[in-house]
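Trainee:
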Amino acid sequence: MTVNRLFREAPLWVIASHNAGKIKEIGALLAPYSIAVKGAGEMGLEEPEETEKTFSGNALLKARAAARASGAVALADDSGLELSALGGDPGVYSARWAGPGKDFALAMQTVEQKLAETGSADRSARFVCVLALAHPDGAEMVFEGEVKGELVWPPRGTSGFGYDPVFVPAGGSETFAEMDAAAKTAISHRADAFSKLIAAVLQP
Ligand code: IMP
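Going by the numbering used here, the sequence shown opens with residue 7, and the numbers climb by one from there.
1) Between which two residues does the alpha helix (DSSP H) harbouring residue 201 extend?
2) Taking all protein chains shown into account, do 16 or more other C-beta atoms lie within 10 angstroms of the C-beta of residue 181, making it buried, or fewer, making it exposed?
3) Which whole-angstrom value describes the C-beta separation of residue 117 and residue 157, a residue pair presumed to lie in contact below a C-beta threshold of 8 Å?
4) Is it the case that the CB of residue 132 approaches a heavy atom of the ligand IMP more closely than 8 Å?
5) Can you tell which of 111, 95, 83 and 209 has the C-alpha that lies nearest to the C-alpha of residue 149?
6) At a cut-off of 8 Å, would you count residue 11 as near the ligand IMP, judging by its Cβ distance to the nearest heavy atom?
7) Starting from the N-terminal side, write out each stretch of the alpha helix (DSSP H) that is 4 residues or longer and does not extend beyond the stretch 83 to 137.
8) Can you name the residues that DSSP bridges to residue 146?
9) Quick check: is any heavy atom of the ligand IMP less than 8 Å from the C-beta of residue 186?
10) Look up residue 190 in the DSSP assignment and say whether it is helix, strand or coil.
11) Would you check if there are 3 or more beta carbon pairs closer than 8 Å linking the stretch 46 to 53 to the stretch 14 to 22?
12) Under the DSSP definition of a beta bridge, which residues are partnered with residue 79?
13) Between the Cα of residue 79 and the Cα atoms of 137, 92, 131 and 96, which residue gives the shortest distance?
14) May I ask which residues mark the beginning and end of the beta strand (DSSP E) holding residue 182?
15) Taking 8 Å as the limit between beta carbons, can you name the residues of its chain near residue 195, skipping five residues before and five after?
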């Protein structure tokens, strides 16, 4: 069986994430396909420590751990925000900049403060998303997506999650947190990675 068929014909995909915002967006992106999905938390799976230094390394680590623990196909998303003027930070550490309390008001403030400290007028940013699919038998696939934009201050809007209130996608005027979920899902880094996954795995 080809690798893509192995994934397509699996009865269930475990979403290897405990982030409710991500699980909701991933569920919406997979809704048109006949794949049952379940969150890792719902299945009682533990969150592995993200010890890799790249998005793809961490996505694979999370997908492999969930596939091993559940015996099912696992899909992991590792994503984050990169600022050009900060040399790509917070990058793979995007969640950790919010501290143990997952305080994104603090994380957004920290990004803004570090940008101010550089003295640079360059506010260009991008969200990156790497999706990793892992089969308990060892097969793996990886897809990367991005959306370019810029960082704004102060934060605006209440939808979405994480850094959404300070990110305006290129060509737009609203932050991701001011857009409704469908408008964000149409252009996001996660949607970009998903369109590659769907083309390679779910479209026969
Ligand atoms: P991880 O992939 O679970 O390590 O964490 C990714 C972190 O990047 C999230 O906790 C958010 O802080 C940030 N992030 C990723 N995708 C988005 C998004 O679509 N909107 C806002 N923040 C995001």
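For glycine and all other residues, C-beta sits at the position ideal for the given N, C-alpha and C.
A quick note: this is a predicted structure, and the numbers were derived from the prediction, not measured.
Mentor: Considering the structure as presented:
1) Counting from one through the sequence shown, the residue named residue 201 turns up at place 195. Here the alpha helix (DSSP H) through residue 201 covers 195 to 203.
2) Your numbering for residue 181 matches position 175 in the sequence shown. By the Cβ neighbour-count rule, residue 181 is buried, with 16 or more other Cβ atoms within 10 Å of its own.
3) The residue you call residue 117 lines up with position 111 of the sequence shown. The residue you call residue 157 lines up with position 151 of the sequence shown. Right, their Cβ atoms sit about 7 Å apart.
4) Position 126 of the sequence shown holds residue 132. No, since every heavy atom of the ligand IMP falls outside the 8 Å radius drawn around the Cβ of residue 132.
5) For the purposes of this step, residue 149 is taken as residue 143 along the sequence shown, with counting starting at 1. Minimum Cα-Cα distance from residue 149 among the listed residues 111, 95, 83 and 209 corresponds to 83.
6) Residue 11 sits at position 5 when you count from the first residue of the sequence shown. If you check the C-beta of residue 11 against the ligand IMP, you find no heavy atom less than 8 Å away.
7) 110 to 124
8) For this step, residue 146 is matched to residue 140 along the sequence shown. Beta-bridge pairing links residue 146 to 140.
9) Here residue 186 corresponds to residue number 180 of the sequence shown, with the count starting at 1. Incorrect: residue 186 has no Cβ contact closer than 8 Å to the ligand IMP.
10) Within the sequence shown, residue 190 is the residue found at index 184, counting from 1. Here residue 190 sits in helix by DSSP.
11) Because the criterion of three Cβ pairs below 8 Å is met, the stretch 46 to 53 and the stretch 14 to 22 touch.
12) Here residue 79 is taken as the residue at index 73 of the sequence shown, counted from 1. Looking at the DSSP assignment, residue 79 forms a beta bridge with 19.
13) Here residue 79 refers to the residue found at position 73 when the sequence shown is read from its first residue. Minimum Cα distance to residue 79 is reached at 137.
14) The residue labelled residue 182 in the question sits at position 176 within the sequence shown. It is not in any beta strand (DSSP E) - residue 182 carries neither H nor E in the DSSP assignment.
15) Within the sequence shown, the letter at position 189 stands for residue 195. Only 85, 132, 133, 134, 135, 151, 152 and 153 meet the Cβ criterion.
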